[in-house]
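In our numbering, the protein residues as written are 1019 to 1351.
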């Protein structure tokens, strides 16, 4: 005779309580314990899912009210794993939503499958839709690797600068050219201070940038060498007309710093325009890291030594440099 599941504890019907209960089980798992610190990214995914249920789930659009997290449908699960926590503008059909990558899809799906399996075990619901069939196969090695720009897009990005730019367009152009030319990270761009920018006396029209990352390899001075230098000069000339006074090079119209979300949005829109110009599909969720990966692969293909690339881009060693990118070196493009 099968054992009956105990009735669910009322407290566990609260989403946060269920997640904490699941995590308490995982903390005490003998074979694969999970600490609360290590589970912090999982809590972010769980919160994204709950926010998405409230704002964008198909079940919400049918009833007018968000579904309880224990009353989700297969359509909810399918939509979330297709597009993830898209911004409100995407959800409201103001522009087309972008599918999340296979890696992100599987990461979200695995976490939700585990938490919902715990909910079933606790008797909160009879079953859940985040099945292995819905999650699909594990991402391939190529899909797990670092993403690079499609063929022709790197070059097209240089051609997408407006002829008569506004101050914000000057800022965006300088950012894009620094990414393309120097392979800077998002954190390095956002933290770059005016005091750490000086003219390169050996190369008129170019600048030396002092970067102070948390790791030793990231603390270095790099130089612009092409159109990024003049673009940075044009932005610095109008920078004080945008936003609040700031010690940072790149500011926004409302803040004295550039948020991560703003940076990712402007990079995506520039890449989207370049993809249209190059007549290739635009990959989803493109940010500064994808351009940095493209810089690394292009330099490796051009015969630049891994040691020199590590020095220029602030990377610890060649093993770290090639992590997730080796398969791109086998491509013909």
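Note that beta-carbon positions come from the ideal geometry of N, C-alpha and C, so glycine has one too.
Suppose you measure from the CA of residue i to the CA of residue j; what does that come to, to the nearest Å?
{"i": "residue 1134", "j": "residue 1050", "result": "18 Å"}
{"i": "residue 1272", "j": "residue 1256", "result": "15 Å"}
{"i": "residue 1207", "j": "residue 1268", "result": "8 Å"}
{"i": "residue 1110", "j": "residue 1336", "result": "At residue 1110, the pLDDT of 43 sits below 50, so the modelled position is not reliable; the number obtained from the coordinates is stated separately. Going by the C-alpha atoms only, they are around 44 Å apart."}
{"i": "residue 1322", "j": "residue 1306", "result": "21 Å"}
{"i": "residue 1089", "j": "residue 1062", "result": "21 Å"}
{"i": "residue 1290", "j": "residue 1136", "result": "40 Å"}
{"i": "residue 1178", "j": "residue 1195", "result": "11 Å"}
{"i": "residue 1311", "j": "residue 1097", "result": "29 Å"}
{"i": "residue 1034", "j": "residue 1073", "result": "18 Å"}
{"i": "residue 1245", "j": "residue 1047", "result": "55 Å"}
{"i": "residue 1131", "j": "residue 1029", "result": "21 Å"}
{"i": "residue 1253", "j": "residue 1076", "result": "44 Å"}
{"i": "residue 973", "j": "residue 1250", "result": "Only positions 1019 to 1351 of the chain appear in this structure, which leaves residue 973 out of reach."}
{"i": "residue 1053", "j": "residue 1064", "result": "16 Å"}
Whose C-alpha, out of the options, is nearest the C-alpha of residue i?
{"i": "residue 1234", "options": "1198, 1290, 1044, 1332", "result": "1332"}
{"i": "residue 1364", "options": "1239, 1190, 1199", "result": "Residue numbering for the chain in the displayed model covers 1019 to 1351; residue 1364 lies beyond these limits and cannot be assessed."}
{"i": "residue 1146", "options": "1171, 1192, 1123, 1094", "result": "1094"}
{"i": "residue 1124", "options": "1144, 1054, 1152", "result": "1152"}
{"i": "residue 1237", "options": "1228, 1056, 1320", "result": "1228"}
{"i": "residue 1203", "options": "1185, 1232, 1186, 1222", "result": "1232"}
{"i": "residue 1056", "options": "1070, 1041, 1102, 1174", "result": "1041"}
{"i": "residue 1143", "options": "1260, 1248, 1087", "result": "1087"}
{"i": "residue 1068", "options": "1036, 1139, 1226", "result": "1036"}
{"i": "residue 1091", "options": "1103, 1078, 1101", "result": "1078"}
{"i": "residue 1315", "options": "1259, 1043, 1058, 1345", "result": "1345"}
{"i": "residue 1224", "options": "1248, 1205, 1185", "result": "1248"}
{"i": "residue 1299", "options": "1117, 1209, 1038", "result": "1117"}
Would you check if the distance between the CB atom of residue i and the CB atom of residue j is smaller than 8 Å?
{"i": "residue 1099", "j": "residue 1126", "result": "yes"}
{"i": "residue 1201", "j": "residue 1313", "result": "yes"}
{"i": "residue 1170", "j": "residue 1343", "result": "no"}
{"i": "residue 1211", "j": "residue 1265", "result": "yes"}
{"i": "residue 1324", "j": "residue 1339", "result": "yes"}
{"i": "residue 1242", "j": "residue 1199", "result": "yes"}
{"i": "residue 1260", "j": "residue 1185", "result": "yes"}
At a cut-off of 7 Å, is residue i close to the ligand HEM when judged by its beta-carbon and the heavy atoms of the ligand?
{"i": "residue 1307", "result": "The ligand HEM is not part of the structure shown, which contains no ligands of any sort."}
Would you identify the three-state DSSP class for residue i, choosing helix, strand or coil?
{"i": "residue 1333", "result": "coil"}
{"i": "residue 1171", "result": "helix"}
{"i": "residue 1096", "result": "helix"}
{"i": "residue 1217", "result": "strand"}
{"i": "residue 1090", "result": "coil"}
{"i": "residue 1055", "result": "coil"}
{"i": "residue 1226", "result": "strand"}
{"i": "residue 1241", "result": "strand"}
{"i": "residue 1142", "result": "coil"}
{"i": "residue 1030", "result": "helix"}
{"i": "residue 1254", "result": "helix"}
Whole-angstrom Cβ separation of residue i and residue j, contact assumed at under 8 Å?
{"i": "residue 1120", "j": "residue 1066", "result": "Not a contact, Cβ separation roughly 18 Å."}
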